[in-house]
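Visitor:
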Amino acid sequence: VHEEQTSSLLEGLAAGRLDLLLLAVPLGVPGVSEIPLFDEDFVLVMEQDHWLGGRADIPREALRQLPLLLLDEG
Numbered sequence: 039v040h041e042e043q044t045s046s047l048l049e050g051l052a053a054g055r056l057d058l059l060l061l062a063v064p065l066g067v068p069g070v071s072e073i074p075l076f077d078e079d080f081v082l083v084m085e086q087d088h089w090l091g092g093r094a095d096i097p098r099e100a101l102r103q104l105p106l107l108l109l110d111e112g
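In this text, residue positions in the sequence shown follow the working numbering: the first is 39, and each later residue adds one.
1. Looking at the secondary structure, which residues open and close the alpha helix (DSSP H) in which S45 lies?
2. Tell me the DSSP secondary structure of E99 in three-state form.
3. Below 7 Å between beta carbons: does that hold for L51 and L60?
4. Assuming E99 contacts G91 (C-beta within less than 8 Å), just tell me the rounded distance between them.
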């Protein structure tokens, strides 16, 4: 099991050093087969007293006002 940036993992796959990759997003790389494993919902987590806390639904416009946090690139 290896944890690396996607580009490095793809290089390992192409070179034959790795047999399989588990990735978060489809890549559409020529010569590579992709099989979806999971259909996972994302959830927004916050303190109850946050201005969006306690709501059942949050409009997309409200999300646009929030800073965006992402995983490291790759």
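Quick reminder that beta carbons are idealized off the backbone N, C-alpha and C, glycines included.
Guide: For this structure:
1. T44 to A53
2. helix
3. Judged by their CB atoms, L51 and L60 are not nearer to each other than the 7 Å cut-off.
4. E99 to G91, Cβ: 17 Å. No contact.
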